[in-house]
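There are 4 protein chains.
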Amino acid sequence: MQTLEVGILGATGMVGQHFIKFLQGHPWFKLTWLGASDRSAGKVYRDAMTWHLAGGLPDSVADLMVEDSKPGNAPKLLFSAMDAAVATDIERAFAQAGHVVVSNSRNHRMEQDVPLLVPEINPDHLKLVPGQQRARGWKGQIVTNPNCSTIVLTMGLGPLKQFGITRIVTTTMQAISGAGYPGVPSMDIVGNVIPFIGGEEEKMQQETQKILGEFQGDHIEPLAAKVSAHCNRVPVVDGHTVTVSVEFSSKPTESDVRHAFDVFTALPQQRGLPSAPPRPVIYLEEANRPQPRKDADRDRGMAACVGRLRACPVLDYKFVALGHNTVRGAAGAAVLNAELMRSEGMLDR
Amino acid sequence: MQTLEVGILGATGMVGQHFIKFLQGHPWFKLTWLGASDRSAGKVYRDAMTWHLAGGLPDSVADLMVEDSKPGNAPKLLFSAMDAAVATDIERAFAQAGHVVVSNSRNHRMEQDVPLLVPEINPDHLKLVPGQQRARGWKGQIVTNPNCSTIVLTMGLGPLKQFGITRIVTTTMQAISGAGYPGVPSMDIVGNVIPFIGGEEEKMQQETQKILGEFQGDHIEPLAAKVSAHCNRVPVVDGHTVTVSVEFSSKPTESDVRHAFDVFTALPQQRGLPSAPPRPVIYLEEANRPQPRKDADRDRGMAACVGRLRACPVLDYKFVALGHNTVRGAAGAAVLNAELMRSEGMLDR
Amino acid sequence: MQTLEVGILGATGMVGQHFIKFLQGHPWFKLTWLGASDRSAGKVYRDAMTWHLAGGLPDSVADLMVEDSKPGNAPKLLFSAMDAAVATDIERAFAQAGHVVVSNSRNHRMEQDVPLLVPEINPDHLKLVPGQQRARGWKGQIVTNPNCSTIVLTMGLGPLKQFGITRIVTTTMQAISGAGYPGVPSMDIVGNVIPFIGGEEEKMQQETQKILGEFQGDHIEPLAAKVSAHCNRVPVVDGHTVTVSVEFSSKPTESDVRHAFDVFTALPQQRGLPSAPPRPVIYLEEANRPQPRKDADRDRGMAACVGRLRACPVLDYKFVALGHNTVRGAAGAAVLNAELMRSEGMLDR
Amino acid sequence: MQTLEVGILGATGMVGQHFIKFLQGHPWFKLTWLGASDRSAGKVYRDAMTWHLAGGLPDSVADLMVEDSKPGNAPKLLFSAMDAAVATDIERAFAQAGHVVVSNSRNHRMEQDVPLLVPEINPDHLKLVPGQQRARGWKGQIVTNPNCSTIVLTMGLGPLKQFGITRIVTTTMQAISGAGYPGVPSMDIVGNVIPFIGGEEEKMQQETQKILGEFQGDHIEPLAAKVSAHCNRVPVVDGHTVTVSVEFSSKPTESDVRHAFDVFTALPQQRGLPSAPPRPVIYLEEANRPQPRKDADRDRGMAACVGRLRACPVLDYKFVALGHNTVRGAAGAAVLNAELMRSEGMLDR
């Protein structure tokens, strides 16, 4: 398949750096354009930011010039890593100008005509796009991925959607990399737990309902499940761990649930999308897994891991889910979204 | 009040060391006797163990001789910090011989005639003791405190018992000190979460029902609430943090629940027991509290802290609770139990 | 002794909070005045800052009004916890106006006529004060304590000064609390080491020479020892650990050096100053001590610990030293300085 | 080049697991044989151990049968990951039987006729082998790699050997993975520093002199430099950081030293050995690098990083060095040794 040039909006921040790292060596997408704020525009990338990720700044990107975040010479496909404070207007301007904006920012996620996409769970939500373009008069489009903790939860629940999810109680133990840079002060988290992440519980509750919801012509009818999230920050670098208690309308047996995990596969796997993990959800047998430091990196950070399936005395079953928050929960999520869109022909002229 | 000599069974282990530290300067109890396994007996304490706690080994204890764990010259009141592997027989032998065994070990907690005591929650469960003595032919007695994570949960729920608790979903984030020494290998927990602690979920589920249950002459009728626990280890030194979703039969308003936290006080406070915190449960107003490293030590580690009370979309309310696992959850719990028993006259001839 | 009212300049920052915590229950000093920037002045303290320290904000301070950092109604004795960016002018203005400024800020430490005081090491450096007052036309005065890592090093070296120190190579492993709040981003230090702290090595090298130097009428003749420091940040909350290789001109035996540690005592101990630890330097026998989490708190954080004395193949001896950086290395250091000054009659009319 | 079958002695321990991970996909060596203790022999590998490394047990190894650690059907080239308690006799038995034992164990490192090899530093030390075979009557041979902290130090010093190293003072901050599994108890290291690692300082001091020494026909004449090491454990997962002060006889300028780092390359690079990093020592420009979590993984963990070169007030220069302790400092070191040996024709008949 022909290589497509791509750009990043918000390239100098932490999420932007994750996009740069994840796109290294991508077989379909070649990173040629970096957008950032006025402060950075006009500098070469290596001078425009401090690189925070392990392994060093890739040479191929170090000398790219940083551009203003304005449509113009940017490639058609843009990944947005912008701060919520500025993403709304800039993403819309690019979509208006004909760009395909595949965004990790939260700004458009809950808008009625914008897909909140997890390719293994709700690929059909891309059907919102034509209506979005009509209603907004855009040649381009905006497609979003969920919040990092929501992705982990929905990946874990995806195989179980068939059983009719009615209630979910979840507690997260989220990695510090989810808060960006400088993010969480070390005095707040070394040897500590912070039982609060601003806005996170609301995002998990709403986004989960939308992702597991049904496409209804011009909007997504959210899943009518009740969702309760307790969000916590823990001193882990990468990988969000979530505990899940879940209730089903169809009352599956434990082995039905386990089987659902074991056989789960989806469109990205069937189409062999480059960033799709061989198995989107891996059930780990060991009693004490998944664990973020040991399991978040599996399949380049794109697989979610689950484990500890057992009966829940209050709802029906409980289990643990884990995913890499900056890969599967951010940069990798958006790239996989773009791969799905390309495989649907949505990135062609 | 006259000072009472006390001893510790299992004095060389981590929990034993916590007892030694907590009893320093105690106004009622003077530590004069240390029991341990054959391997340690006959040595002075400083040579019988490696001291693991911050602040150094108290001088007053360093030169005490370690004794065999056999009744004989031990004082009447004994705190048990023994491993579960050996506690059953030894605790019974001491109770048989007329000792009051106030135990932190799990072995007798769920026995029908043994109080599982949290002085602020179920002081009346001490009424089991006469029946215990009759049935077992003991002059002495065994009284236990709950598992460290159970105490945190039940302290948080104690003020709310009045509303008729019917369902609880809880997730713990437990400190490494709860696993003793050497305990959790650092390779398993530095920068990591372990979503499993053997036997812990079952303990939390059962012990909570017993503690919140009702004394019925010769046994405790457990609370008929359903309890589901998800137990996790996190890289925190001291302090177990738990998230709680709870359902009530009486459907209190949020301000009813908040008021119940604010006004909660109990027998240990009314009697001014030496280790009783001024307020057993402290509601913290800040959005991101309680936190283990900042709040576990309040009131010498004897107060539980709660916070973040809010509506739960699945059950009725949710909140966060925190307690110091080796103080309120172990050594301090047992000492407060003994103080309550003394104030009831149970330690007199 | 009559209680003296004291104030804090820079009361809302982290160091200011450490002063507040350390002064709780002080037998000589009663905290009655809090100064801060315009932004905070006019608010009660609890509304003027976010409290970051473990254990909660002391009630006695919570409702004090924060004042402008201008002389006027402030008490004579002021502890300065101000940022270096503003400390120079404000400290001078207060000294000019007759206040005794006992400062933890770095601004005046290396000025020729300002004592850089460690009461156990160089109490005679207070003799600089009369000259300072004459030269600057001040009724008040400024006295400083060293950088937190310098204090640990000099406390460890103090007992050995008698042997004629000629060369020192030291590596620090410094706690995150030394960087204040928000201080070090967690993404930079969780599971990591940062082998650089801006300006720290220069401070350690110069301050050590001044502290170990000799009073010469109107200045301190710095110790002619060569000092080389390697400063590192490690994921420890409180307590700076330093490795030290040291060369002596008098070539003491190892047992001479050990004996010097064992018998070391100084003026603060002889005078029984309230914050003086019973022994300023504690030699720990265990092969793997001192350790910050286990030893930094000894004697309320005011004792330095040393250990692992052994021959150095390059210089003469090597050992490990440890001290609590925010107590002995900051707030407690300044309070002990003020206690020494009071015992010298320098705080009287 | 033809693929060579290889085995691992001590395959079930942590170091053995690192060998398995590092050898995955190796272009020259195919892992076909796993040796372990009697307890494990006869089981398939997945049942014989608990896998502790991130990323999961490679499928290609999971079903290999574990063999007794006795010569017989083992391949000629064996990597030894055995505990020091058993390595001496077993390694000798295999060497006697004609095997090439490339060992990470410490047992034979300091023997006069055994190369202690760092391929970039002292490849000519392999010339010891013929004498070793003659003297011991072996058809096989034993070649060792240094201790993990020694490798980091010597990689940093290798480019500077030309200047005549005369004195070294070094302090290590070592990762927990260096202690194996279960290794360091979390209660000893979370939020803490342990300023002692048994035997480590002696190893660093002696091994460094041997590695930097000269081949003299039948032995290595150790470098006559004085070396002083202070070894510490810090809460880092992977990557040993060392501070180094060094004195040279030839008194190079700072730019001479910097140039030496920048141009350093060696035999493994010239021969393109598969595990050789492009540049063995990478000088990082940023003021606060290298850092273990961000830099230890560079070039698959095989490159050492240095930084912060500056004048030392006591010796001549000081700098920071870093390397991945389980890769460059253990499994990768041994594999690179074997690659060098193969390129020398030492693995052929």
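Protein chains in written order, with the numbering used here: chain B, 1 to 349; chain Y, 350 to 698; chain A, 699 to 1047; chain L, 1048 to 1396.
Beta carbons are placed, not taken as given, at the ideal position from N, Cα and C, and that holds for glycine.
- Here the alpha carbon of A:W749 sits roughly 40 Å from the alpha carbon of Y:G356.
- Using a CB distance below 7 Å, the part of the segment 521 to 551 of chain Y facing chain B consists of M522, G540, N541, V542, I543, P544 and F545, ordered along the chain.
- Around the beta carbon of A:Q839, 16 or more other beta carbons lie within 10 angstroms, which makes this residue buried.
- DSSP, reduced to helix, strand and coil, places L:R1280 within a strand of the structure shown.
- Contiguous beta strand (DSSP E) elements confined to the segment 155 to 199 of chain B occur at 165 to 174, taking only those with 3 or more residues.
- Within chain B, no residue has its CB atom less than 8 Å from the CB of L:R1153, the nearest being about 28 Å off.
- Annotation: A:Q989 to L:M1220 spans about 14 Å, alpha carbon to alpha carbon.
- Going by DSSP, B:K30 is part of no alpha helix (DSSP H) but of the beta strand (DSSP E) stretching over F29 to A36.
- With contacts defined as CB atoms closer than 8 Å, L:P1360 and A:K924 qualify as a contacting pair.
- Taking all protein chains in view, the Cβ of B:Q209 is crowded by 16 or more other Cβ atoms within 10 Å, so the residue is classified as buried.
- Annotation for L:K1298: no alpha helix (DSSP H) segment contains it, and DSSP assigns it neither H nor E.
- Straight through space, the alpha carbons of Y:E440 and Y:V478 are spaced by roughly 15 Å.
- Residues of chain A with a Cβ closer than 7 Å to the Cβ of B:P235 are, in chain order, V888.
- With distances taken between CA atoms, Y:A433 lies nearest to Y:H457 out of Y:H457, Y:A442 and Y:S418.
- In terms of beta-carbon proximity, Y:H401 lines the interface with chain L, with at least one pair separated by less than 8 Å.
- Between the alpha carbons of Y:N541 and L:P1229 lies a gap of roughly 15 Å.
- Shown here, Y:M690 sits in a helix according to DSSP, grouped into three states.
- In the three-state reduction of the DSSP assignment, L:K1365 falls in the strand class, which pools E and B.
- Put simply, the CB of Y:D462 is far from chain A, with every gap to its CB atoms at 8 Å or more.
- Chain A places a beta carbon closer than 8 Å to that of L:P1339, counting this residue as a contact.
- Look at the segment 134 to 155 of chain B: it has no residue with a C-beta under 9 Å from a C-beta of chain Y.
- Straight across, the Cα-Cα distance linking B:E285 with Y:R483 is about 48 Å.
- Under the Cβ criterion of 8 Å, B:Q205 is counted among the residues facing chain Y.
- DSSP places B:Q133 within a helical segment (H, G or I) once states are collapsed to three.
- Note that the C-beta distance between Y:S594 and Y:K510 is not below 8 Å.
- No Cβ of chain B is located within less than 8 Å of the beta carbon of Y:H673.
- If you check each beta-carbon in the segment 293 to 310 of chain B against every beta-carbon of chain L, the ones closer than 7 Å belong to R293, K294, D297 and R298.
- Taking a cut-off of 8 Å for Cβ pairs, the segment 844 to 856 of chain A and the segment 677 to 692 of chain Y do not touch, as fewer than three such pairs fall below it.
- For L:P1105, the closest C-alpha among the options L:F1066, L:L1173, L:F1141 and L:V1133 is that of L:F1066.
- In the three-state reduction of the DSSP assignment, L:C1359 falls in the coil class.
- At a cut-off of 8 Å between beta-carbon atoms, A:N986 makes contact with chain L.
- Across the structure, B:Q270 and B:P278 are spaced so that their CA atoms are roughly 9 Å apart.
- Contact between Y:Q481 and Y:D462 holds: CB atoms are separated by about 4 Å, below the 8 Å threshold.
- Taking 8 Å as the cut-off, the Cβ atoms of A:F720 and A:V1033 count as close.
- Nearest CB-CB separation between A:S943 and chain L: below the 8 Å threshold.
- At least one CB atom of chain L sits nearer than 8 Å to the CB of B:G55.
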